[in-house]
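Visitor:
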Amino acid sequence: MAPMRPRPFTPARGETLYYGDGTFDGSLGITGAGTVPGPDETFGFATYFVLSDFGITDPRKVGTILLQYGVVNGTDYRLYVWDDAGTVPNSHGTHLYVDMAVPLPAPDVWQEIDLSALDIVLPDSFWIGICYNYMSAGTPSDWYLSYNSAIADPHTFGNLGGTAADWTWLGNFGYGFAFGVRVVVEEVSVTPTILYVDDDDDATVSGYFETSFSNLGIAYDIWVVIDSSDVTPDAAVMGTYDIVVWTTGDDYSSTFVDNDTIEVANYLAGGGKMWLSSEDILYDLGPVSWLHVASYSSDVGCDAATGVGPIMMGTSFATTGGVVFDYSDEISPDAFAWTEMQNETPVDNTIAMDPTTGLSYSLFFNAFAFENIDAEADRDTMMERVISWL
4 MAPMRPRPFT PARGETLYYG DGTFDGSLGI TGAGTVPGPD ETFGFATYFV
54 LSDFGITDPR KVGTILLQYG VVNGTDYRLY VWDDAGTVPN SHGTHLYVDM
104 AVPLPAPDVW QEIDLSALDI VLPDSFWIGI CYNYMSAGTP SDWYLSYNSA
154 IADPHTFGNL GGTAADWTWL GNFGYGFAFG VRVVVEEVSV TPTILYVDDD
204 DDATVSGYFE TSFSNLGIAY DIWVVIDSSD VTPDAAVMGT YDIVVWTTGD
254 DYSSTFVDND TIEVANYLAG GGKMWLSSED ILYDLGPVSW LHVASYSSDV
304 GCDAATGVGP IMMGTSFATT GGVVFDYSDE ISPDAFAWTE MQNETPVDNT
354 IAMDPTTGLS YSLFFNAFAF ENIDAEADRD TMMERVISWL
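In terms of my numbering, the sequence shown is residues 4 to 393.
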């Protein structure tokens, strides 16, 4: 069996985090007698964000940083995203992001800096630092960061000395207000790890699943079961994956051995997610409890499969490919499941179930052969729908 693959992050929706209300009645800057900070010096301001303060506990990445300046005289500034390495910004640690020359915008407008393509995954607490490249002699300084003096806030710090030890809460200077710093954080979802169990009685039809996995860019580990004497994955192994795809191909007499039935039941009871593609598991085992089949009829056949449920609605596939013998069953779900697809008659041949019906697991079960779907594009569509739902 191949080793488990890493889980890349992928972006989803965004949420704007801020500690003020977006209205400003003042701005603050630092003067420095013509000071040009060195590359390791950080004079300026930093706002401290805590994702859990906003009820966010799932992974997030930086989407867009929003900044507003009340006074602008210079040309550029430094922008940092720091992790939280203590009680002050980690200006001398590893930066999550740094740009040493961000162009200054016009005053009194929100500047939007889109970092979403960089996939900067955030810890629960992090800092956004806005620091000077040049501090003018006298007043005004090159730029002043906008604030709202009506809103007290403990999250904005200032640095007048340039070192990590010099970061101080601005309330100590009488400016403990909400400043013009916001961040849009985007959800990150984990690409699921998938175990594909090729349990087709050595019929060599696994390529139909493997081709669709490849076409969709889905990584998977494969566990090949040649006959009923082979070792199959137990609940502990399956539990290390997010999704298990199990197919029995044209096997009709040893789709699952007794131990398989027990281990799959245990895996599902622990909150598992499975796609079971098997036209003869009911002929072999009967309606085991975790399938939630109220009744079934064997070998009714399937020349076309049409989606009627929320997962497969709008799809219709010819299934006359003849890769395996057509022993498709008619199945009726019990109260814990629902119908997803029907054959041309039409009678139900595919069901699904999930925690919305009171179960602890999610299961998609088609009693017609996925391998018999005529068109490769249609097989891809079905796989994409099922994996996305799981």
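For every residue, glycine included, the Cβ atom is placed at its ideal position computed from N, Cα and C.
In its own chain, which residues sit with a C-beta less than 6 angstroms from the C-beta of I116, not counting the 5 before and 5 after it?
Guide: Result list for I116: I68, in chain order.
Visitor: Considering only residues of the same chain and omitting the five flanking positions on each side of D263, which have a CB-CB separation below 6 angstroms?
Guide: Cβ neighbours of D263 beyond the five flanking positions: T235.
Visitor: Give me the Cα-Cα distance between F320 and V248, rounded to the nearest whole angstrom.
Guide: Approximately 20 angstroms, taken between the alpha carbons.
Visitor: Report the rounded CA-to-CA distance for T194 versus G174, giving the unit in angstroms.
Guide: So the two alpha carbons sit approximately 43 angstroms from each other.
Visitor: Quick check on this structure: which residue in T78, A272, T323 and A268 has the alpha carbon closest to the alpha carbon of P290?
Guide: For P290, the nearest C-alpha among the options comes from A268.
Visitor: Where does I284 sit, in a helix, a strand or coil, going by DSSP?
Guide: The answer is helix: DSSP assigns I284 an H, G or I state.
Visitor: Can you list, in chain order, the residues of its chain whose CB lies under 6 angstroms from that of F367, leaving out five sequence neighbours each side?
Guide: Hits under 6 angstroms: W278, A355 and V389.
Visitor: Let's test the definition: count the other Cβ atoms within 10 Å of the Cβ of P336 and tell me whether it reaches 16, buried, or not, exposed.
Guide: It is buried - the Cβ of P336 has at least 16 other Cβ atoms within 10 Å.
Visitor: For the alpha helix (DSSP H) holding I390, just list the boundary residues, first then last.
Guide: Residues E379 to W392.
Visitor: Let me confirm a value: M315 is counted as buried when at least 16 other C-beta atoms fall within 10 Å, else exposed. Which label applies?
Guide: Buried, by the Cβ-count rule.
Visitor: Using the Cα positions of D43 and V101, report the straight-line distance between them to the nearest angstrom.
Guide: Approximately 12 angstroms between the Cα atoms of the pair.
Visitor: Using 8 angstroms for Cβ pairs, my map puts Y147 next to P40. What's the rounded Cβ distance?
Guide: Actually they are not in contact, since the Cβ atoms of Y147 and P40 sit about 17 angstroms apart, beyond 8 angstroms.
Visitor: Please classify L70 as buried or exposed, where buried requires at least 16 other C-beta atoms within 10 Å of its C-beta.
Guide: Buried, by the Cβ-count rule.
Visitor: Return helix, strand or coil for Y137, following the three-state DSSP convention.
Guide: In this structure, Y137 counts as coil in the three-state DSSP scheme.
Visitor: Answer yes or no: do L121 and Y80 have a C-beta to C-beta separation smaller than 9 angstroms?
Guide: No, the pair does not count as a contact, with Cβ atoms beyond the cut-off.
Visitor: Taking just the CA atoms, how far does W392 sit from D383?
Guide: Distance between the alpha carbons of D383 and W392 is about 14 angstroms.
Visitor: Measuring only the C-alpha atoms, how far is T19 from V112?
Guide: Computed Cα separation, rounded: 17 angstroms.
Visitor: Leaving out five residues on either side along the sequence, give the residues of the same chain with a beta carbon under 7 angstroms from the beta carbon of D381.
Guide: For D381, where only same-chain residues beyond five positions count, the Cβ hits under 7 angstroms are F320.
Visitor: Can we say the stretch 125-142 touches the stretch 46-62, given the rule of at least three CB pairs closer than 8 angstroms?
Guide: With a cut-off of 8 angstroms, the stretch 46-62 and the stretch 125-142 count as touching, because enough Cβ pairs lie within range.
Visitor: Hey, quick one: how far does the alpha helix (DSSP H) through M103 stretch, first residue to last?
Guide: Counting along the chain, M103 falls outside any alpha helix (DSSP H), though it belongs to the beta strand (DSSP E) covering H98 to P106.
Visitor: Give the DSSP bridge partners of G132, in chain order.
Guide: According to DSSP, G132 bridges with A49 and Y83.
Visitor: Can you list, in chain order, the stretches of the beta strand (DSSP E) that have 3 or more residues and sit fully within the stretch 149-196?
Guide: Complete beta strand (DSSP E) runs here, min 3: 159-162, 170-172, 180-182 and 184-193.
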